[in-house]
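Structure first, commentary second.
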Amino acid sequence: MAPRTILEYPDPKLRLPSEPVTVFDDDLARLVDDLLDTVRAHRALALSAPQIDDRRQVAVIDAGDGEGHRVYINPDILRKHGAFGFVQESCLSLPGVSGNVIRDTRIRVRAQDRDGTPFERELVGMEAVCLQHEKDHFAGRLFIDGFSFLRRWQIDAKFRGRAKAAAARPGVPTA
Numbered sequence: 626m627a628p629r630t631i632l633e634y635p636d637p638k639l640r641l642p643s644e645p646v647t648v649f650d651d652d653l654a655r656l657v658d659d660l661l662d663t664v665r666a667h668r669a670l671a672l673s674a675p676q677i678d679d680r681r682q683v684a685v686i687d688a689g690d691g692e693g694h695r696v697y698i699n700p701d702i703l704r705k706h707g708a709f710g711f712v713q714e715s716c717l718s719l720p721g722v723s724g725n726v727i728r729d730t731r732i733r734v735r736a737q738d739r740d741g742t743p744f745e746r747e748l749v750g751m752e753a754v755c756l757q758h759e760k761d762h763f764a765g766r767l768f769i770d771g772f773s774f775l776r777r778w779q780i781d782a783k784f785r786g787r788a789k790a791a792a793a794r795p796g797v798p799t800a
């Protein structure tokens with residue numbers, strides 16, 4: 626298919642909750658292909674459907690094991706093993722922003738593949754972190770929500786400044 630435009634903060638659509646996938650059809654297959662094309666075009670680890678303005682619970686994640694990106698539809702975390710890590714996260718919807726977040730680094734997940742076949746998998750390390758990050762997108766949460774008030778204010782100011790600068794340039798669309 627083709628890479629899609631990624632919604633960027635502070636777009637209010639990023640705060641909308643997502644719905645579970647109930648229909649596994651050609652439209653869903655196109656969404657999965659678009660997510661894969663988009664995440665690869667950005668050379669990113671993961672991407673979720675809400676980030677390309679689709680309200681379905683679909684995410685693609687590169688496990689870093691040479692297998693490429695895996696598809697997780699309607700993921701549900703069954704168990705967190707209490708293996709916490711302080712990890713640095715970033716997000717395609719917040720370009721240029723990164724920060725430390727506490728995440729479980731070992732989880733058990735149940736999800737469906739692109740055909741609707743259910744599976745369970747133990748996720749460790751970055752794949753576990755990415756899945757939790759993408760599940761936050763399904764709930765309309767962003768990784769910056771756990772930052773201090775001052776840090777969030779700085780991020781808001783940065784993005785407000787970008788919007789003003791873009792509005793001042795004729796012919797440049799604003800988010």
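This note's numbering puts the first residue of the sequence shown at 626, with every later residue one more than the last. Where is the CB? At the ideal position from N, CA and C, for every residue including glycine. Note that the structure is predicted; figures quoted are calculated from it, not measured.
Note to self: Contact between the region 679-696 and the region 632-652 is defined here as three or more beta-carbon pairs at a separation below 8 Å; is this criterion met?
What the structure shows: yes
Notebook entry, point to check: With distances taken from CA atoms, which of Cys716, Val726, Lys638, Gly691 is nearest serine 773?
Noted result: Val726
Next item on the list: May I ask you to report which of helix, strand or coil DSSP gives arginine 777?
Entry: helix
Next item on the list: Look at the Cβ atom of aspartate 781, then the Cβ atom of serine 718, and state whether they are nearer than 9 Å.
Entry: no
Item checked: Which residues DSSP lists as bridging arginine 701, in chain order -> Rather than arginine, the amino acid found at residue 701 in this sequence is aspartate. DSSP lists Arg735 as partners of aspartate 701.
Next item on the list: Mind checking which residues open and close the beta strand (DSSP E) that includes arginine 728?
Entry: 723-729
Notebook entry, point to check: Which residues in the same chain have their Cβ closer than 8 Å to the Cβ of threonine 730, if we skip the five residues on either side of it in sequence?
Noted result: Ala708, Phe709, Gly710, Val712, Val749, Gly750, Ala753, Val754
Check: When the distance is taken between beta carbons, is cysteine 716 closer than 9 Å to phenylalanine 763?
Finding: Not in contact: phenylalanine 763 and cysteine 716 (Cβ atoms no closer than 9 Å).
Next item on the list: Name the two residues that bound the continuous alpha helix (DSSP H) containing arginine 665.
Entry: 651-666
Check: How many Å lie between lysine 783 and glutamine 757 at the Cα?
Finding: 26 Å
Check: Quick one: what does DSSP say leucine 756 is sitting in, helix, strand or coil?
Finding: helix
Checklist line | Test item: CB-CB of leucine 672 and valine 664 under 9 Å | finding: yes
Check: Does the Cβ of glutamate 692 have 16 or more other Cβ atoms within 10 Å, making it buried, or fewer, making it exposed?
Finding: exposed
Checklist line | tyrosine 672 in three-state terms, based on DSSP | finding: A small correction: the amino acid at residue 672 is leucine; tyrosine does not occupy that position in the sequence shown. Looking at leucine 672 - three-state DSSP - the assignment turns out to be strand.
Checklist line | Cβ-Cβ distance between isoleucine 677 and isoleucine 732 below 9 Å | finding: No, these two residues do not count as a Cβ contact at 9 Å.
Next item on the list: With a cut-off of 8 Å on the beta carbons, I'd call isoleucine 686 and leucine 670 a contact; round off their distance for me.
Entry: 7 Å
Next item on the list: Could you tell me whether the Cβ atoms of aspartate 701 and alanine 736 are closer together than 9 Å?
Entry: yes
Check: How would you label glutamate 714, buried or exposed, when you count the other beta carbons within 10 angstroms and need 16 or more for buried?
Finding: buried
Note to self: By the three-class DSSP mapping on this structure, what secondary structure does arginine 785 have?
What the structure shows: helix
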